[in-house]
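2 protein chains.
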Amino acid sequence: MTANIETSAQNDKNLLGKQWTELLDRIVENSTRETERKQDRSRRTERQILNAALRVFARDGISRSRIADIAAEAGISTSTLYEYYKSKEDLAYEIPMHHLAEFYAKYRDAAPYTLSARERLVLYLTMSTDYAREHAEWARLLYLEIWPSVFVSETELRHRINDFVRVIHFLIDEGKAEGWIAADRNNYETTALIVGGSNQIIITWLLYRTPKNLTKAGAELAERIVRLLEMEAG
Amino acid sequence: MTANIETSAQNDKNLLGKQWTELLDRIVENSTRETERKQDRSRRTERQILNAALRVFARDGISRSRIADIAAEAGISTSTLYEYYKSKEDLAYEIPMHHLAEFYAKYRDAAPYTLSARERLVLYLTMSTDYAREHAEWARLLYLEIWPSVFVSETELRHRINDFVRVIHFLIDEGKAEGWIAADRNNYETTALIVGGSNQIIITWLLYRTPKNLTKAGAELAERIVRLLEMEAG
DNA sequence: ACGGAAAATCGAATAATTTTCGGAAAAATT
DNA sequence: AATTTTTCCGAAAATTATTCGATTTTCCGT
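For the record, the sequence lines run as chains A and B.
The working numbering numbers the first residue of the first sequence as 311 and each following residue consecutively.
The working numbering numbers the first residue of the second sequence as 311 and each following residue consecutively.
Printed below as a string of structure tokens:
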């Protein structure tokens, strides 16, 4: 019977580990979109459009950007662009996907379940701020223009951003199980602190390039948040 | 001599109190814009435009809204609208101003310097979440569509949003002086936690109406943030 | 290598929307 | 009551997004 209890606890842990892996696999898979284009030429054009759109949108802002400018920057005619994306809005919402998928994949590989939830959370926040620094144009578009306005319409991207929060929810639950997050705290509140604080520091950096070293600031903030939660748990 | 030191401390406190009052007065004044329209009819039209625009923008999102719809909703012709605002973008950035000014005025009256910095901070966050709940359409527009994208362009509204953060900076400095915020903590980081967390809870509510009771959630979050900072200060 | 089918491209036309302009109507001023 | 100022509007122009039909390029089986 005691053996039964022991293995039950062990099973719980295995179960959670499996869920973690499944969650990340699903997120990576859903965010990774393989093109259904048949020709190489076409795949190249697709990349050119996305690159051009990223540059133009980041430079002019979405609403002031013109499709014609993007097409010119991509070296194709305006009408060709419409073969790829059915509207400017569609194009805008498609752009962040590729990098988002890359980020999720990177994180999945860096955060196996062998790490504690605490470690995985710190890593998550650290990596996301660092990713924003590495891809500033993309981050500018995503954080300043699209997130959270993407939620206004029903898009694929919306689900992928929800995934970002979903990971944090999962880690908070684990943190409570591990005991370093107070069990009686509201999850939405804790999530708001983590996501909001982390995004805010990215936004501030994008706007003012302050703090100078975003990587360091992101890592410090992540550590600080976790320590605050630990103190609170007693 | 000892009297001198005493009065010097007293002076510091008076000075800070004066700065607090001046800061809020300036913010209220800058955000309060009196129309320069001469006729009553015209002032009525102006209000009708702003009301209509708020409704339409909140319903359709800024980029999908049409000037013609707003004009129709306001009961005027499209070209008349251009007598009032020189572009759709201008109009969008003007809309949040009125409510923002009202919020600042309310807060100034509710938060005299006789309250401690701690109390004033909790009040600030509580009042701002509550104000969002009371004016959900406005909040939807401001938090989901305009903030932080307004920073992309140089607008009056941008300065008024910066003011929001400025108040928090001021209170953090006071909190350090009062000793309940750790002096060695980075101000940007602390601000990011406070502003980011608070906004995030508003955004979540706007999107999902979760938590049910935003007023309560805002107040709880504010208390929690302050207590976390206190614990950290030891 | 060749011919047809599929895929991709483009220029020109259309549609949707924003913005301007000139004059009429209303209100204020003298 | 005439004149000036302010407000309003219809129609036209300008800008930008989107569609369409024809042409070119690539692919694939023979």
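We put the beta carbon where it would ideally sit given N, CA and C, even for glycine.
Contact of R534 (chain B) with chain A is assigned, a C-beta pair being separated by under 8 Å.
At the C-beta level, A421 (chain A) and R428 (chain A) stay beyond 8 Å of one another. Of the other Cβ atoms in all chains shown, fewer than 16 fall within 10 Å of the Cβ of L325 (chain A); this residue is therefore exposed. When C-beta atoms of the stretch 478-491 of chain B are compared with those of the stretch 434-449 of chain A, fewer than three pairs fall below 8 Å, so the two segments do not count as touching.
For E540 (chain B), the three-state secondary structure derived from DSSP is helix. At least one C-beta of chain A is nearer than 8 Å to the C-beta of S373 (chain B).
Annotation for S389 (chain B): the continuous alpha helix (DSSP H) segment containing it runs T388 to Y394. Chain order gives the chain B residues near N509 (chain A) as G506 and Q510, where near means a beta carbon separation below 8 Å.
By the Cβ rule, the stretch 412-421 of chain B does not count as touching the stretch 447-455 of chain B, because fewer than three pairs are nearer than 8 Å.
The stretch 401-411 of chain B and the stretch 358-366 of chain B touch, with three or more beta-carbon pairs separated by less than 8 Å.
With a threshold of 16 other beta carbon atoms within 10 Å, K486 (chain A) meets it and is buried. The beta carbon of T390 (chain A) sits no closer than 8 Å to any beta carbon of chain B. CA-to-CA, the gap between Q358 (chain A) and A442 (chain A) works out to about 21 Å.
Following the DSSP letters along the chain, one finds I405 (chain A) inside the alpha helix (DSSP H) bounded by residues K398 to A420.
Taking a C-beta cut-off of 8 Å against chain B, the contacting residues of the stretch 516-534 of chain A are L517, T520, P521, A527, E530, L531 and R534, listed in chain order. The stretch 472-479 of chain B makes contact with the stretch 495-508 of chain B; the number of CB pairs closer than 8 Å reaches 3 or more.
Excluding sequence positions up to five before and after A532 (chain B), its CB lies within less than 7 Å of the CB of V432, L435 and T436, all in the same chain and listed in chain order.
Rounded to whole angstroms, the separation of the alpha carbons of Y394 (chain B) and T355 (chain B) is 9 Å. Within a 10 Å sphere around the beta-carbon of R470 (chain B) sit 16 or more other beta-carbons, which makes this residue buried. Interface annotation, V462 (chain A): in contact with chain B, CB-CB separation under 8 Å.
In the pairwise beta carbon analysis, the stretch 505-516 of chain A is classified as touching the stretch 508-526 of chain B: at least three pairs are separated by under 8 Å. Listed in chain order, the positions of the stretch 418-444 of chain B with a beta carbon within less than 8 Å of a beta carbon of chain A would be empty, since no residue qualifies.
The C-alpha of R519 (chain B) lies about 21 Å from the C-alpha of R534 (chain B).
Burial check for T390 (chain B): the Cβ neighbour count within 10 Å stays below 16, so the residue is exposed.
At least one CB of chain B lies nearer than 8 Å to the CB of T514 (chain A).
The Cβ of S459 (chain A) sits closer than 8 Å to at least one Cβ of chain B. Contact check for R468 (chain B) against F474 (chain B) fails: the beta carbons are separated by 8 Å or more. Exclusion of the five residues before and after A378 (chain B) leaves T388 as the residues of its chain whose Cβ lies within less than 8 Å of its Cβ. Between A384 (chain A) and S341 (chain A), the beta carbon gap of about 23 Å keeps them out of contact (Cβ cut-off 8 Å). Of all residues in the stretch 477-488 of chain A, none comes within less than 9 Å of chain B when Cβ atoms are compared. Between the alpha carbons of L539 (chain A) and E466 (chain A) lies a gap of roughly 33 Å. Taking the Cα of R343 (chain A) as reference, the smallest distance to any Cα among A:G327, A:H408 and A:L333 is reached at A:H408. Proximity to R369 (chain A) across A:E444, A:L524 and A:E455 peaks at A:E455, based on C-alpha coordinates.
Between T439 (chain B) and T525 (chain B), the C-beta spacing is below 8 Å. Counting along the chain, R495 (chain A) sits inside no alpha helix (DSSP H), nor does DSSP assign it H or E at all.
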